[in-house]
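This report concerns only the one structure given below.
Chains as they are written, first to last, in our numbering: chain A, 1 to 84; chain B, 1001 to 1157.
Right under this line is the structure:
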């Protein structure tokens, strides 16, 4: 499994748990708010879990961008220095 | 640090019948807290129960047990904040909470709360509740966010 696949799988797990879905239900580009009825509290919970797991700090301003799994991966990769 | 009931009232906006902590026995700000809640037959949740009900009808409601633990987490968070910080914690999510055995009138619940993470105006706590040496609940993750106090407090005309 490539680094990217591994990271995507881990992030998918976090998102699924917070949104109360099965990991396979979380599509890469599906909008959390429109597709899964996420709200700002769930977004903060996702952000907090990611920061804890990867020991990385992500500015809250990035929340606006983190609306799909793919977008979350891009933001985290940028702040965690992933070369995915 | 130990907090009596009056000190809890000064910290939390909750009042009868929803102030569900009696005392805090120890606090290490930013880390952990141990709080006590005594359950009695005088609780409003037992008012109006018909005579002759089965014993399990007197089990303390799970929602109140979780709220009581959450109030312990709120006290811990409030005591962990820097001076001058305002706003009140509002409980927003509970995950991976397991109730292990019922609690009855006469039981004294001890909540052991650990503050896991404080980030982006949100706090996450974890812990367990005990009656004597029996664990009665496990709390995987309790989340609260901070809200302005005047948005939470009763509006006075």
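The beta-carbon is built from N, C-alpha and C at its ideal position, and this holds for glycine as well.
Nothing here was measured: the structure is a model prediction, and the numbers come from that model.
C-alpha distance - residue i paired with residue j, whole-angstrom precision
i               : j               : result
residue 5(A)    : residue 59(A)   : 24 angstroms
residue 1067(B) : residue 83(A)   : 43 angstroms
residue 15(A)   : residue 23(A)   : 8 angstroms
residue 1157(B) : residue 1054(B) : Confidence at residue 1157(B) is low in this model, with a pLDDT of 47, below 50, so its placement is unreliable and the value that follows should be read with caution. The straight-line gap from Cα to Cα measures roughly 46 angstroms.
residue 63(A)   : residue 70(A)   : 13 angstroms
residue 33(A)   : residue 81(A)   : 27 angstroms
residue 1007(B) : residue 1057(B) : 33 angstroms
residue 1013(B) : residue 3(A)    : 48 angstroms
residue 1078(B) : residue 1089(B) : 8 angstroms
residue 1023(B) : residue 1143(B) : 22 angstroms
residue 1018(B) : residue 29(A)   : 43 angstroms
residue 1149(B) : residue 1029(B) : 21 angstroms
residue 35(A)   : residue 66(A)   : 14 angstroms
residue 1062(B) : residue 1117(B) : 25 angstroms
residue 1140(B) : residue 25(A)   : 23 angstroms
residue 39(A)   : residue 1073(B) : 23 angstroms
residue 1044(B) : residue 1071(B) : 18 angstroms
residue 1047(B) : residue 1135(B) : 27 angstroms
residue 1041(B) : residue 1083(B) : 39 angstroms
residue 1004(B) : residue 73(A)   : 47 angstroms
Given residue i as reference, the closest of the options once Cα atoms are compared
i               : options                            : result
residue 27(A)   : 76(A), 81(A), 11(A), 51(A)         : 11(A)
residue 1095(B) : 20(A), 1(A), 3(A), 7(A)            : 20(A)
residue 1120(B) : 61(A), 75(A), 80(A)                : 61(A)
residue 1081(B) : 1005(B), 1123(B), 1023(B)          : 1123(B)
residue 1086(B) : 1133(B), 1023(B), 1151(B)          : 1151(B)
residue 1211(B) : 1113(B), 1029(B), 1093(B)          : As displayed, chain B neither begins before 1001 nor continues past 1157, which places residue 1211(B) out of reach and without an answer.
residue 1001(B) : 1032(B), 1015(B), 1138(B), 1009(B) : 1032(B)
residue 42(A)   : 68(A), 54(A), 55(A)                : 68(A)
residue 55(A)   : 79(A), 72(A), 8(A)                 : 79(A)
Cβ-Cβ separation, residue j to residue i (assumed contact under 8 angstroms), whole Å
i               : j               : result
residue 1203(B) : residue 1076(B) : For residue 1203(B) there is no data in the structure shown, the boundaries of chain B being 1001 and 1157.
residue 1109(B) : residue 1131(B) : 6 angstroms
residue 1127(B) : residue 1069(B) : 7 angstroms
CB of residue i within 8 angstroms of CB of residue j, strictly
i               : j               : result
residue 1035(B) : residue 1111(B) : yes
residue 49(A)   : residue 18(A)   : yes
residue 57(A)   : residue 51(A)   : yes
residue 1129(B) : residue 1064(B) : no
residue 1050(B) : residue 1098(B) : no
Residues that residue i bridges to, as DSSP identifies them
i               : result
residue 1127(B) : 1113(B), 1139(B)
residue 1095(B) : 1141(B)
residue 1090(B) : 1145(B)
residue 1033(B) : 1027(B), 1113(B)
residue 1134(B) : 1131(B)
residue 1118(B) : 1123(B)
residue 1003(B) : 1024(B)
residue 1038(B) : 1108(B)
Residue i Cβ short of 7 angstroms to the ligand FMN heavy atom set
i               : result
residue 1086(B) : Among the components modelled here there is no ligand, and therefore nothing to report on the ligand FMN.
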